[in-house]
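Peer 1: Numbering (full-length UniProt numbering) for the sequence shown: 1 to 65.
All C-beta atoms, glycine included, are put in the ideal place defined by N, C-alpha and C.
In this text the structure is predicted, and so the values were computed from the model without any measurement.
Dropping the structure in here first, questions after.
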Amino acid sequence: MGDVADAYGLTLSRWEREETLGAFIARRVGGYPVVGDDIDWHGIHWIVQDVEGNNVTRVGIRLHG
């Protein structure tokens, strides 16, 4: 998540910065993400667009504002 945070100006804890995007989403949806899962977090709407096995391979984002 560190690269994502840097790209969008998000402030994350050290632990969150080291977390993968897939793990970040899984923690918030309560299990392995599937295509179509979505969350709102830090003014961003995150949508899982592609999954291979248990790995999130593509996520769409929409900035609220």
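On the CB-based measure, 16 or more other CB atoms within 10 Å of its CB, does D3 come out buried or exposed?
Peer 2: exposed
Peer 1: Residue ranges of each beta strand (DSSP E) run of no fewer than 3 residues wholly in the UniProt domain "Transporter-associated" (2-63), ordered along the chain?
Peer 2: 38-41, 44-52, 55-63
Peer 1: By a C-beta neighbour count over all protein chains shown, 10 Å radius and 16 as the cutoff for buried, is V48 buried or exposed?
Peer 2: By the neighbour-count rule (16 or more Cβ atoms within 10 Å), V48 is buried.
Peer 1: Residues in the same chain with beta-carbon distance under 8 angstroms from L12, minus the five sequence neighbours each way, listed in chain order, please.
Peer 2: M1, G2, A5
Peer 1: Relative to the C-alpha of G9, which residue among H42, V34, V56, N55 is closest?
Peer 2: The closest CA to that of G9, considering only H42, V34, V56, N55, is found on H42.
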